[in-house]
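**Q** In my numbering, the protein residues as written are 28 to 402. Every residue gets a Cβ at the ideal spot worked out from N, C-alpha and C, and that includes glycine. Have a look at this one before I ask anything.
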C-alpha cells in the first residue's frame, strides 16, 4: 500500500492520515498471536484441543467432541461517533442500526469458520451513567440489538454496561459483542483445507461502508462544508449513508448449509478491504473478473478523498462485504441462494495456481502477499 500511496495527489486523504496505520497495528497482532498460541497447553488439562488452523482466522475453534465450538469478540469502533453527531445535529436516532453493526462485527466473523451462531453477549461501556438517561437512544439500541439477534437466530445471553467516566468520552458509548457458536456437523468446518485452484469466488453485496473505514469517513466529514449533512447521490446525506447498518450474512451461510453446499473458505471483507482475499495461508492467485457496483457513499468517499483504486479497494469494501469460495459447480447456486436471502451476489472470479496475489482485473489492481500480514 505504501508504494500505491505515492501516486495519490498531495491533498488526498488516506486511512493512514485518518489515524489508522495497519503497519503499526498488524505487527502487534502478530506478536499477540504468538503469545496466545503458547497458552494452548492450558486446554489439555480440561481434555480439550484446539483446531490449530483457526489461529489467525476470524474465529477461534475448539474440538468439543460431538461438534466444534467457535468464539469471537469484536467491537463497533468509531461508527458510534457518527451516530452521536447525526443525533445532535438532526435528532435522528440511528442507534438501532448501530446495534446491528455491533452484532454484525461479531457474527459475520464467526460464520467464516462454518459456525452457526448461538449466543451473543453485549458490552456497552458508557462515558457516564447519564448516557442511559436518554431513553430514546437507549430504547433504540435495545430494540436494534434484539432485532439483529432475531435475524441471526441467536440468543442474547446478557452483557456488561459499565459507566467509565474518564475512560470513555462523556455522552458516548463504546459498543462490543462476543459470540459463540457450533460447527455441527463437523463437516461444516471451513478453514480452507479444501481451498484449491478452480474454486469459484462468490462476492456478496455490502450495504455501504459497514463498520470499517469509518475513521476515514469522519476525517473526510471535517473537510466538507456541511459535514455529515452534505448531500450525496441517492437523495440522502453523507451521515445518514454512513449509518446504513452492516449486512448480516448469517441467513446466507445457514441457507447454504441447508442446501448441502460446501463452503471451502470464507472471508469477511472488513479492515484491509479487498486485501482480505489473501487471508488464507495458501499460495494461490485470486483472480477477480467482476466487481460489484460501488455504493454511493463509498464512491463519494473515494472521489472526495481523492483515492485511487488501489487505496480505495485496499481500505474499503467497495460494495463486497463477504466472499465465499466454493466448488465451481456450486457457484451459481450459491449466488442464487444469497439472492433468495435478499442479498445480491456475483460469481466474481476464481482461484488459480500461481503466486499469492489478488488480481482485480476490471480496475487494474493487484495486491501481493506483502500487502496483507495478519499471521
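So for residue 211, helix, strand or coil by DSSP?
**A** coil
**Q** So if DSSP puts residue 100 in a beta bridge, which residue, or which two residues, is it bridged to?
**A** 205
**Q** Just confirm the distance between the C-beta atoms of residue 124 and residue 272, as a whole number of angstroms; I'd bet it's less than 8 angstroms.
**A** 4 angstroms
**Q** Excluding the 5 residues flanking residue 260 on each side, which residues of the same chain have their C-beta closer than 6 angstroms to its C-beta?
**A** 323
**Q** Need the endpoints of the beta strand (DSSP E) that residue 231 sits in, please.
**A** 227-232
**Q** May I ask which residues mark the beginning and end of the alpha helix (DSSP H) holding residue 326?
**A** 323-332
**Q** Less than 9 angstroms separating the beta-carbons of residue 128 and residue 103?
**A** yes
**Q** Sorted by chain position, which residues of the same chain lie with C-beta nearer than 7 angstroms to residue 29's C-beta, five sequence neighbours on each side aside?
**A** Bear in mind that a pLDDT of 40 at residue 29, under 50, signals an unreliable position, so the number given afterwards is only what the model happens to contain. Here the set comprises nothing.
**Q** Kindly provide the ranges of any alpha helix (DSSP H) runs that are 4 or more residues long and lie completely inside the segment 211-299, ordered along the chain.
**A** 241-250, 265-269 and 277-285
**Q** Does the structure place the segment 105-120 close enough to the segment 139-159 that three or more beta carbon pairs sit under 8 angstroms?
**A** The segment 139-159, when compared against the segment 105-120, does not touch it at the 8 angstroms Cβ threshold.
**Q** As an exercise, report each continuous beta strand (DSSP E) stretch of at least 3 residues that is fully enclosed by the segment 111-186, in chain order.
**A** 143-153
**Q** Does the beta-carbon of residue 302 have 16 or more other beta-carbons within 10 angstroms, so that it is buried, or is it exposed?
**A** buried
**Q** Specify whether the segment 200-213 and the segment 92-101 touch according to this definition: at least 3 beta carbon pairs, one from each stretch, less than 8 angstroms apart.
**A** Short answer: they touch.
**Q** In three-state terms, what does DSSP make of residue 109?
**A** helix
**Q** Throw me the rounded Cβ distance for the residue 404 and residue 223 pair, which I believe falls under 8 angstroms.
**A** The question about residue 404 has no answer, for the chain in this structure spans 28 to 402.
**Q** Would you kindly work out how many angstroms separate the C-alpha atoms of residue 347 and residue 150, rounded to a whole number?
**A** 28 angstroms
**Q** On the DSSP letters alone, give me the boundaries of the beta strand (DSSP E) that residue 361 sits inside.
**A** Careful: residue 361 lies outside any beta strand (DSSP E), inside the alpha helix (DSSP H) at 358-367.
**Q** For residue 314, which residues does DSSP report across the bridge?
**A** In DSSP, residue 314 forms a bridge with 377 and 386.
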